[in-house]
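Numbering (the UniProt record's numbering), first residue to last: 1 to 470.
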């Protein structure tokens, strides 16, 4: 009997330990989640990183990036569920609150990535300085060796023999010169390796700055979307349920008016007169016949590019050697309007061929890092435009103009087609939009791809209304 009681007690203790352990794990996970939510706020990150080594700071930033990605995914699932529920005012307000929260998280995540890239840029710049110093040191040593060899070579043999006490000293001197000669070859090889490393570091720096520029552009779009959603929420908070239902009814009636959709201005960057949506749709349909890219998707990409272009602003190039220029609106000077090495030669060739004034033709302004120089509605940089120039000329029978709406639409269509938009699937188009923006499908830029696909869905509805009247 005692043994049975003893066994029961043991089972009881084991069960207690399991329950306590499980509870502790649960508490720790909740605490860790709350702790991350607090730590990952940008002001806290700044405080934490000021106490950490750059490597530890970057590890913390990466943890926070993962945290915000998980939070975004959870909200997206919740939003998808809410949007399927009955259309009531409260549901609409709840949806907008979740969207604002989601955008806040995306902006926080962008801040972290920008901070991380800033550290990377700092590290690369420090490496460039170290490598440059090593090159200068090696050059100095090589110069000294070459000077010594040269001075010895200038001495006549008879003078060297007289100067040496005996024949063995003479041969020792020859051996020393041979060693110096070998050392000079080693230093020369070392300088070549260091120069190659320096070029790689400079290329990495340019890529990191381009990456940072894209993140700043993306964050601008996120903030714009957040501001728009907050205004929408404020509007709905003032409505009663009855007013909201009336609003929905009126909205449906308005959306059915194809003429209104057709006459709506389709905003584009870098053109003096924007087409109407109906005109833009007709151009996009003609591009589809050539490229296989859906009109709704093409129009969505160009809308997103114009949103970026409006925020960046428009500039004129002024200095072909440095790439400096001016803001068109204020005439204030600014640097890095166009890359002298990558884009200016192509830009001068494009404008000359079109009979345009290179110094009075609008291009996108630079952001905090990287270069500006994107041209027209499709926002192609000159070097990329040159890749498509001959294909465009072959199709249209004339030199293509980046600032011409039809040429810009066709260029964008060809690019999107080359990178998979012809599949006409959600994933295919999403990936193509990401490549159009950043050259990759890196998930840190997914806001761009997601936004393009949302705009595409909206345009699909508009196009359906247009087609119903034809």
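We put the beta carbon where it would ideally sit given N, CA and C, even for glycine. Nothing here was measured: the structure is a model prediction, and the numbers come from that model.
Suppose you measure from the CA of residue i to the CA of residue j; what does that come to, to the nearest Å?
{"i": "residue 385", "j": "residue 225", "result": "29 Å"}
{"i": "residue 275", "j": "residue 424", "result": "25 Å"}
{"i": "residue 34", "j": "residue 72", "result": "Unreliable positioning characterises residue 34 in this predicted model, as indicated by a pLDDT of 46, which lies under 50. The coordinate reading is nonetheless provided below. If you take the alpha carbons of residue 34 and residue 72, they lie about 16 Å apart."}
{"i": "residue 66", "j": "residue 203", "result": "28 Å"}
{"i": "residue 223", "j": "residue 436", "result": "21 Å"}
{"i": "residue 466", "j": "residue 458", "result": "13 Å"}
{"i": "residue 102", "j": "residue 453", "result": "17 Å"}
{"i": "residue 446", "j": "residue 434", "result": "7 Å"}
{"i": "residue 229", "j": "residue 456", "result": "18 Å"}
{"i": "residue 381", "j": "residue 460", "result": "29 Å"}
{"i": "residue 210", "j": "residue 219", "result": "14 Å"}
{"i": "residue 403", "j": "residue 417", "result": "20 Å"}
{"i": "residue 125", "j": "residue 298", "result": "39 Å"}
{"i": "residue 50", "j": "residue 37", "result": "19 Å"}
{"i": "residue 234", "j": "residue 70", "result": "28 Å"}
{"i": "residue 39", "j": "residue 100", "result": "20 Å"}
{"i": "residue 426", "j": "residue 113", "result": "26 Å"}
{"i": "residue 64", "j": "residue 128", "result": "29 Å"}
{"i": "residue 397", "j": "residue 330", "result": "38 Å"}
{"i": "residue 315", "j": "residue 288", "result": "32 Å"}
{"i": "residue 272", "j": "residue 304", "result": "18 Å"}
{"i": "residue 328", "j": "residue 242", "result": "48 Å"}
{"i": "residue 348", "j": "residue 410", "result": "22 Å"}
{"i": "residue 231", "j": "residue 96", "result": "10 Å"}
{"i": "residue 277", "j": "residue 362", "result": "23 Å"}
{"i": "residue 76", "j": "residue 428", "result": "20 Å"}
{"i": "residue 395", "j": "residue 345", "result": "24 Å"}
{"i": "residue 74", "j": "residue 48", "result": "27 Å"}
Who are the Cβ neighbours of residue i in its own chain at under 7 Å, not counting the five residues just before and after it?
{"i": "residue 78", "result": "98"}
{"i": "residue 431", "result": "420 and 441"}
{"i": "residue 190", "result": "138"}
{"i": "residue 141", "result": "187"}
{"i": "residue 414", "result": "291, 388 and 391"}
{"i": "residue 367", "result": "213, 216, 217 and 312"}
{"i": "residue 408", "result": "376, 377, 378 and 402"}
{"i": "residue 115", "result": "45 and 61"}
{"i": "residue 106", "result": "72, 222 and 447"}
Spatial neighbours of residue i within its chain, please: CB distance less than 8 Å, with the 5 preceding and 5 following residues excluded, ordered by chain position.
{"i": "residue 279", "result": "266"}
{"i": "residue 194", "result": "131, 134, 135 and 138"}
{"i": "residue 354", "result": "399 and 401"}
{"i": "residue 92", "result": "236 and 244"}
{"i": "residue 2", "result": "Reliability of the predicted coordinates at residue 2 is poor, the pLDDT of 44 falling under 50, and no value is obtained from them."}
Regarding residue i and the ligand FMN, is the C-beta to nearest heavy atom distance less than 7 Å?
{"i": "residue 423", "result": "This structure lacks the ligand FMN; in fact it carries no ligand of any kind."}
Shortest alpha-carbon distance to residue i belongs to which of the options?
{"i": "residue 284", "options": "342, 295 and 321", "result": "295"}
{"i": "residue 46", "options": "299, 400, 118 and 391", "result": "118"}
{"i": "residue 87", "options": "244, 467, 48 and 323", "result": "244"}
{"i": "residue 53", "options": "122, 381, 40 and 92", "result": "122"}
{"i": "residue 335", "options": "329, 343 and 325", "result": "325"}
{"i": "residue 94", "options": "350, 236, 297 and 360", "result": "236"}
{"i": "residue 463", "options": "217, 282 and 192", "result": "282"}
{"i": "residue 208", "options": "181, 343 and 120", "result": "120"}
{"i": "residue 148", "options": "109, 181 and 129", "result": "181"}
{"i": "residue 145", "options": "127, 361, 184 and 377", "result": "184"}
{"i": "residue 393", "options": "376, 350, 70 and 68", "result": "350"}
{"i": "residue 359", "options": "422, 105, 323 and 330", "result": "323"}
{"i": "residue 378", "options": "105, 74, 205 and 405", "result": "405"}
{"i": "residue 108", "options": "451, 444 and 449", "result": "444"}
{"i": "residue 412", "options": "272, 300 and 44", "result": "300"}
{"i": "residue 206", "options": "356, 62, 342 and 451", "result": "342"}
{"i": "residue 227", "options": "104, 333 and 143", "result": "104"}
{"i": "residue 302", "options": "451, 48 and 332", "result": "451"}
I'd like the list of long-range same chain contacts for residue i, defined as Cβ closer than 6 Å, with 5 residues on each side in sequence excluded.
{"i": "residue 290", "result": "none"}
{"i": "residue 214", "result": "438"}
{"i": "residue 212", "result": "117 and 369"}
{"i": "residue 449", "result": "430, 433 and 434"}
{"i": "residue 422", "result": "292"}
{"i": "residue 333", "result": "326"}
{"i": "residue 383", "result": "342, 343 and 346"}
What are the residues that DSSP puts in a beta bridge with residue i?
{"i": "residue 380", "result": "375"}
{"i": "residue 327", "result": "315"}
{"i": "residue 66", "result": "Answer is none; residue 66 lacks a bridge partner."}
{"i": "residue 364", "result": "314"}
{"i": "residue 333", "result": "326"}
- Can at least three beta-carbon pairs, one atom from the region 49 to 68 and one from the region 197 to 206, be found at a separation below 8 Å? no
- Message: Check whether the region 333 to 347 and the region 313 to 322 are in contact - that is, three or more C-beta pairs closer than 8 Å.
- Response: yes
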